[in-house]
Amino acid sequence: EGVKVCIRVRPLNGGHSEEDEISANGWTTSEDTISHTSGGVSFNFDNVFTPPCRNQDLYDSVASSIIKSAVDGFNGVIFAYGQTSSGKTHTMLGNEGDSGITPLAIQDVFRHVLKSTEREFLVRVSYIEIYNEVIKDLLCKGQDNLKIHEDFTGRVFVDAREEVVTCAADVLAIMKLGEEQRTFGATNMNERSSRSHTIFTIHIESRTKGEHTNADDGVAVCASTLSLVDLAGSERVSHTGAEGVRLKEGGHINKSLLTLGTVINKLSEGVTGHIPYRDSKLTRILQPALGGNARTGVICAITPAKMHMEESISTLKFASRAKCVQNKTSRIEILDDRAMLRRCQKELEQLKQKLEQKGCDSALKDSREVEELRHRMEKEVEKALDLQDKVDKLSQMLVFKKDETLSPEPGEKRPRSRRRETIGCRANELGQASRRDENSHFERIGMLTKEVVTVKKEAVDAIKEKETMRRHMEVQREALRNELEALEMHAAELERTRKLASSEAETAGERVAAAEVLIFVEEIVTNA
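Residue numbers (UniProt numbering): 1 to 528.
This is the structure we're talking about:
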């Protein structure tokens, strides 16, 4: 499945109309193409958006179908790419009058969840940023150096805090808290420039309603992630005037974006060798979106300003290569032991029915039955060969007798000769029939043997696949047990804190009562 790519041309500041500004700077656009007079090359994409387009237009073009797929169990990734101050953050977050891709996606997720009346959902969110090649958890203060992990199935993840949510309002509130922790800084091109890459992830799990009520059947859970990525913009020191901390930040940003471009180049060329995902934290985390198991959308933002023409052309080349990347997407389903057993039994039953329809039900029996059948066939062949030998000998004897017989008397009939010829023909017919039966038996034995081998191979493959899934479930159960232990320890700590607070409150109450008694005594003494 190909990557969806669209281009967004941001408006310029000035008194001219947006269309005049774009054409005056040498750009030519249509619904799906864009070119510049200096380059002489026309770029084709899924859509090209020019002012005064709204974020909703981009969402409908690139993101809407990916969000629906995520609710259905497919991984999804949407990210904005472009130079600094090209409008990426506005595209992803928007403002009060024009909601961005991320808020629109959040609302759409819960709209699809409410429509799916036959399934029940668990939705969690996490929010991280990559600042100077260090991963920070925006939902948990103090978690400033998170690690990237990969499980035995190849899934890449970060151990960031995940908040359980039940509605779009909850998610937007959590995202607002995370935004307050983001790293921004002022440059010559942008008073509020993003100095880090951010990844807002929605984790979606679902199962058929009522499936958990029958413990004997087990549970099949669809699990997917939707990652919404706001990339920091590439920078030129000559344009941004960066120095000191800002210069260091720009260096890390450019290095990670260069690695992203290298990965995209290799994937677009169909390189089968080493892909440098591990050269930066960004490409490592985005690995599922780049040639992996995720439906991906890319929004490339450019500015039509003449001074940034070279950077805009570079962005268009990146977008053109990204459009050539192919991902292999599949629905992600996790089975517990009972559900796995139920599915395996169902598959075996279907296999049995298929074999029965082919008239090969006997192939499901023990291989000893096949050996017995072969033994019987061999005996029949031996009998047929013995019979053939006897027939051949009898034929030779009859022919010999025929040659030795004296000529008959004149006028005498010769019925015996005709009988001998008839017997010889019959012997030949019996021999041919015996050989045909022998060949037929061997062909039948060969067919049965092939069917048995095929069934055994399919059974072994099914067992291997179920064993892999079982190990995956064990890893997940262990992780859940660890999480439960951590929660229990946290609950115990809260209980100790509550008891301590209660004890301190009682002590404070006693002190207040004692003070009141002293005051009362002093008043009595004073009055006396």
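All C-beta atoms in this analysis are idealised placements derived from N, C-alpha and C, irrespective of residue type, glycine included.
Predicted model only: the values in this text are computed from it and were never measured.
query, result
"Expected contact under 8 Å - CB spacing of valine 125 and threonine 201 to nearest Å", "7 Å"
"Those residues which DSSP pairs with arginine 207 across a bridge", "Glu120"
"Residue from Cys53, His112, Arg111 whose Cα sits closest to the Cα of glycine 97", "Cys53"
"Where phenylalanine 79 falls, given that 16 or more other Cβ within 10 Å makes a residue buried", "buried"
"Residue span of the beta strand (DSSP E) that contains lysine 136, given as start and end", "134-137"
"Contacts around threonine 33, its chain only, beta-carbon distance under 6 Å, and the 5 residues preceding and following it disregarded", "Ser42, Asn44"
"Proximity to leucine 93 [Cα-Cα], best of Tyr59, Leu122, Asp72, Phe74", "Tyr59"
"Euclidean distance between Cα positions of leucine 257 and serine 234", "7 Å"
"DSSP bridge partner residues for serine 35 (one or two, in chain order)", "Thr28, Ser42"
"Leucine 231 and glycine 87 closer than 9 Å at C-beta", "no"
"C-beta contact flag for leucine 146 and valine 158 at 9 Å", "yes"
"Candidates Asn95, Ala160, Cys167, Ala305: closest to leucine 114 by CA position", "Cys167"
"Span of the beta strand (DSSP E) around lysine 4", "4-9"
"Nearest neighbour of threonine 208, chosen from Ser65, Leu518, Glu333 [CA to CA]", "Glu333"
"Local conformation of arginine 470 per DSSP, three classes", "helix"
"Local Cβ density within 10 Å of asparagine 95, reported as buried at 16 or more and exposed below that", "exposed"
"Whole runs of the alpha helix (DSSP H) within the region 235-315, excluding any shorter than 4 residues", "237-240, 245-268, 281-285"
"Between the CA atoms of glutamate 1 and isoleucine 302 - distance to the nearest angstrom", "26 Å"
"Rounded straight-line distance, which links the Cα of arginine 470 to that of aspartate 57", "44 Å"
"For alanine 305 and glycine 26, the rounded distance between their alpha carbons", "10 Å"
"For proline 51, the nearest candidate out of Arg119, Asn132, Ser30 (CA to CA)", "Ser30"
"Assigned secondary structure, threonine 507 (DSSP; H/G/I helix, E/B strand, else coil)", "helix"
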